[in-house]
């Protein structure tokens, strides 16, 4: 899902909502050793990325509020 964020007309720093989702996800994946470099075949690497995202998502869903 892509969300269009309107930039304010002011000239100072303002935090924009949901802006860094794209940069955050690769940073999470690089925390897993086998996903940092693509030494394996494409299908194997794709499976490792999926396992990493499943682990990241499940940890985020089960952490205490």
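In full-length UniProt numbering, the protein residues as written are 1 to 65.
A virtual CB, placed ideally from N, CA and C, is assigned to each residue, including glycine.
At which residues does the alpha helix (DSSP H) containing residue i begin and terminate?
i, result
"residue 44", "42-62"
"residue 33", "33-36"
Can you look up residue i in the DSSP assignment and give me helix, strand or coil?
i, result
"residue 24", "helix"
Establish whether the CB of residue i and some CB of chain B are separated by less than 9 Å.
i, result
"residue 50", "The structure shown contains no chain B; it is built from a single protein chain."
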